[in-house]
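K.L.:
Residue numbering for the sequence shown follows full-length UniProt numbering, starting at 3 and increasing by one per position. Below you will find the structure I want to go over with you.
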Amino acid sequence: RTIEWRVDARAPKPEELAEAAGLLREGDTVAFPTETVYGLGADARSDEAVARIFEAKGRPSDNPLIVHIADRAQLAGLALPWGELAERLMDRFWPGPLTLVLPAAPGAVSSRVTAGLDTVAVRMPSHPVALALIAASGCPVAAPSANRSGRPSPTLAAHVAADLGGRIAGIVDGGAAGVGLESTVVEIDGETVRILRPGGVTAEELREVVPRVEYDAVAAPGAGMGTATAAGDSRAADSERLAASPGDDVPVRSGSAAASSQGLRPTSFSADPVVHPATVAAQPPGLSADAALAPRSPGMKYAHYAPRGVMELVQGDAEARRAYIRREAHAARARGERAGILTFDERAGGYDADDVLSLGSLARLETAAQSLYAALREFDDRGTQRIWAESVPETGIGHALMNRLVKAAGHRVVRV
Ligand code: TXA
Ligand code: MG
Numbered sequence: 003r004t005i006e007w008r009v010d011a012r013a014p015k016p017e018e019l020a021e022a023a024g025l026l027r028e029g030d031t032v033a034f035p036t037e038t039v040y041g042l043g044a045d046a047r048s049d050e051a052v053a054r055i056f057e058a059k060g061r062p063s064d065n066p067l068i069v070h071i072a073d074r075a076q077l078a079g080l081a082l083p084w085g086e087l088a089e090r091l092m093d094r095f096w097p098g099p100l101t102l103v104l105p106a107a108p109g110a111v112s113s114r115v116t117a118g119l120d121t122v123a124v125r126m127p128s129h130p131v132a133l134a135l136i137a138a139s140g141c142p143v144a145a146p147s148a149n150r151s152g153r154p155s156p157t158l159a160a161h162v163a164a165d166l167g168g169r170i171a172g173i174v175d176g177g178a179a180g181v182g183l184e185s186t187v188v189e190i191d192g193e194t195v196r197i198l199r200p201g202g203v204t205a206e207e208l209r210e211v212v213p214r215v216e217y218d219a220v221a222a223p224g225a226g227m228g229t230a231t232a233a234g235d236s237r238a239a240d241s242e243r244l245a246a247s248p249g250d251d252v253p254v255r256s257g258s259a260a261a262s263s264q265g266l267r268p269t270s271f272s273a274d275p276v277v278h279p280a281t282v283a284a285q286p287p288g289l290s291a292d293a294a295l296a297p298r299s300p301g302m303k304y305a306h307y308a309p310r311g312v313m314e315l316v317q318g319d320a321e322a323r324r325a326y327i328r329r330e331a332h333a334a335r336a337r338g339e340r341a342g343i344l345t346f347d348e349r350a351g352g353y354d355a356d357d358v359l360s361l362g363s364l365a366r367l368e369t370a371a372q373s374l375y376a377a378l379r380e381f382d383d384r385g386t387q388r389i390w391a392e393s394v395p396e397t398g399i400g401h402a403l404m405n406r407l408v409k410a411a412g413h414r415v416v417r418v
């Protein structure tokens, strides 16, 4: 029931996209490649069309969507005057993986897109297929990532088909998406640009063109891996971490409901004996469970990207990390659990584990970004029950990569 079109990613022909554009115009949902991840598009002006996105994804309705445009002329109808700083960001980063949260022009898009906020998030993607499809549809296109809520974002059409096949009208297959992680979401506050979600445009790049770049608490480097407590900590502490975890898709319930809604197995996790000194991160200062946690980006209050297995992110000196992962994976296997390791080419050898997946060379974090979500899906496909992931330096795209790894690990960050 879901139509698939295979198109030339670099130079899609108008006739290849005509049917997909027609479906968008008629109020249906179509998935398409962007330079970040695949998006699930619908006419942003139509309540019914946008409702179909939420329904297909199983997405909570209070999580607003990004509106995708093909040219600057389309923006005028969507946002109120946005100022010089926003203009400078658009000049430098559009088309590309930067989403701007701007004052919304009342009534311009469905209130389901903005979730009732008085702002609208807009981006102009640089992928030729996305641009051509949006232009051909003639609509501003609301598009979240084209995954079922709580699954890793799709970087291939096959991922979209696996999650949403039969639930959406069509999939435009343009091969692999680009960056592999979502766009950077920013808001503008006077002279300051605040990063609400780290992504394809790095903080370093933003700093080249704007005077001040800040992070929202949940988006800062190190967010979600603050103060240390002992490993194998109480289950209560674990569910508290989950309850406040930033993310953007699945509503988090407290306690064991939160754990089971993500396929976690808190019993086996928290029952692990502590056999060596290690630490698990708790909330960073800005994320205490009682915080008047009103994330600037509503989606940040949802857990996200969780693989079905229980994942732990391991920080610290390379040798200590390796020793810890080897010991833990070995112990998991001895208990009869299927053990997986998410690592890099340089470190992949010598592990006793069922599923050792490499994100490529440590020297090329761009490649790791492109591979991350596919690797998380691979663990799910293989039924991996326990996963240990290596941390990366938080510079450049490494910051967005760590942000997603921390979420995928449900904030289980171990420092060895
Ligand atoms: O790279 C991307 O941005 C991909 C591709 C498809 O363009 N899209 C994407 O959409 O990641 P989604 O829905 O998975 O994430 C949108 C994020 C959420 O965290 C949401 O809360 C935030 O943008 N957002 C949307 N509108 C907002 C608003 N008005 N104010 C603050 N945050 C907003
Ligand atoms: Mg998403």
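Don't be surprised by glycine CBs; every beta carbon is placed ideally from N, CA and C. Model, not experiment: these values are computed from the prediction.
Using 8 Å as the threshold, is the region 401-411 in touch with the region 215-227, meaning 3 or more CB pairs across them?
P.N.:
Result yes; three or more Cβ-Cβ pairs closer than 8 Å.
K.L.:
Taking just the CA atoms, how far does P16 sit from residue 2?
P.N.:
Past the edges of the chain, shown from 3 to 418, lies residue 2, and the structure says nothing about it.
K.L.:
At what residue ranges does the region 144-211 contain a whole run of the alpha helix (DSSP H), taking only runs of 4 or more?
P.N.:
For the region 144-211, whole alpha helix (DSSP H) runs of length 4 or above, ordered along the chain, are 159-166, 205-209.
K.L.:
Would you say S147 touches the ligand MG, meaning its beta carbon is less than 6 Å from a heavy atom?
P.N.:
Correct: S147 has its Cβ closer than 6 Å to the ligand MG.
K.L.:
Among A410, A334, E50, E184, whose alpha-carbon lies nearest the alpha-carbon of P35?
P.N.:
Minimum Cα distance to P35 is reached at E184.
K.L.:
Quick one: using the 10 Å Cβ neighbour count with 16 as the cut-off for buried, is T186 buried or exposed?
P.N.:
It counts as buried.
K.L.:
Is V212 near the ligand TXA - that is, is its Cβ less than 6 Å away from at least one heavy atom of it?
P.N.:
Checking the Cβ of V212 against the ligand TXA gives no.
K.L.:
Quick check on R214: buried or exposed, where buried means 16 or more other Cβ atoms within 10 Å of its Cβ?
P.N.:
Under this definition R214 is an exposed residue.
K.L.:
For the alpha helix (DSSP H) that contains residue 1, what are its first and last residues?
P.N.:
Residue 1 is absent from the model: the chain starts at 3 and stops at 418.
K.L.:
At a cut-off of 6 Å, would you count L87 as near the ligand TXA, judging by its Cβ distance to the nearest heavy atom?
P.N.:
No - the ligand TXA has no heavy atom lying nearer than 6 Å to the Cβ of L87.
K.L.:
I'd like to know whether the C-beta atoms of A134 and L19 end up nearer to each other than 7 Å.
P.N.:
In this structure, L19 lies closer than 7 Å to A134 by Cβ.
K.L.:
Mind reading off the beta-carbon distance from H70 to G43? Whole number of angstroms is fine, and I expect it under 8 Å.
P.N.:
About 7 Å; that satisfies the 8 Å criterion.
K.L.:
How would you call L344, buried or exposed, if buried means at least 16 neighbouring beta carbons within 10 angstroms?
P.N.:
Answer is buried; the Cβ neighbour count reaches 16.
K.L.:
If you draw a straight line from the C-alpha of I5 to the C-alpha of Y40, how long is it?
P.N.:
Computed Cα separation, rounded: 16 Å.
K.L.:
Are the CB atoms of V131 and Q9 within a distance shorter than 7 Å?
P.N.:
Contrary to the premise, residue 9 reads as Val rather than Gln in this sequence. Their beta carbons are under 7 Å apart, which means V9 touches V131 by this criterion.
K.L.:
Kindly examine the ligand TXA and report whether one of its heavy atoms sits closer than 6 Å to the Cβ of S139.
P.N.:
The answer is no for S139.
K.L.:
Among V416, G352, L374, which residue has its Cα nearest to the Cα of G362?
P.N.:
When each option's Cα is compared against that of G362, the closest is L374.
K.L.:
What first and last residue would you give for the alpha helix (DSSP H) that runs through D93?
P.N.:
Element bounds for D93: 85-95.
K.L.:
Which whole-angstrom value describes the C-beta separation of E314 and V416, a residue pair presumed to lie in contact below a C-beta threshold of 8 Å?
P.N.:
So it is a contact: roughly 5 Å between Cβ atoms.
K.L.:
Apply the 10 Å Cβ neighbour rule to D64 and answer buried if 16 or more other Cβ atoms are within range, or exposed otherwise.
P.N.:
By the 10 Å Cβ count, D64 comes out exposed.
K.L.:
Thinking V143 and A11 are a contact (beta carbons under 8 Å), I'd like their distance in whole angstroms, please.
P.N.:
At roughly 18 Å, the Cβ-Cβ gap does not stay under 8 Å, so V143 and A11 are not in contact.
K.L.:
Counting only the same chain and skipping the five closest in sequence on each side, list residues whose C-beta sits under 6 Å from that of V103.
P.N.:
Around V103: T121, A123, E189.
K.L.:
How many angstroms separate the CA atom of G202 from the CA atom of A331?
P.N.:
Computed Cα separation, rounded: 32 Å.
K.L.:
For M126 versus P97, is the C-beta distance shorter than 7 Å?
P.N.:
Yes, the Cβ-Cβ distance between M126 and P97 is below 7 Å.
K.L.:
Do T204 and A179 have their C-beta atoms within less than 7 Å of each other?
P.N.:
Against a cut-off of 7 Å, the Cβ pair of A179 and T204 comes out as no contact.
K.L.:
Applying the criterion that 16 or more other CB atoms from any shown protein chain within 10 Å of the CB defines a buried residue, is V276 buried or exposed?
P.N.:
The predicted model places V276 with a pLDDT of 25, which falls under 50 and marks its position as unreliable, so this point remains unresolved.
K.L.:
Counting only the same chain and skipping the five closest in sequence on each side, list residues whose C-beta sits under 6 Å from that of E396.
P.N.:
Result list for E396: P223, M404, in chain order.
K.L.:
Looking at the secondary structure, which residues open and close the beta strand (DSSP E) in which P105 lies?
P.N.:
It spans 100-105 - the beta strand (DSSP E) in which P105 sits, taken as one unbroken run.
K.L.:
How far does the alpha helix (DSSP H) with T369 in it reach, from first residue to last?
P.N.:
It spans 367-384 - the alpha helix (DSSP H) in which T369 sits, taken as one unbroken run.
K.L.:
Taking its Cβ as the centre, do 16 or more other Cβ atoms sit within 10 Å of A22, making it buried, or is it exposed?
P.N.:
When all chains shown are included, A22 counts as buried.
K.L.:
Who are R8's beta bridge partners in DSSP?
P.N.:
Beta-bridge pairing links R8 to D175.
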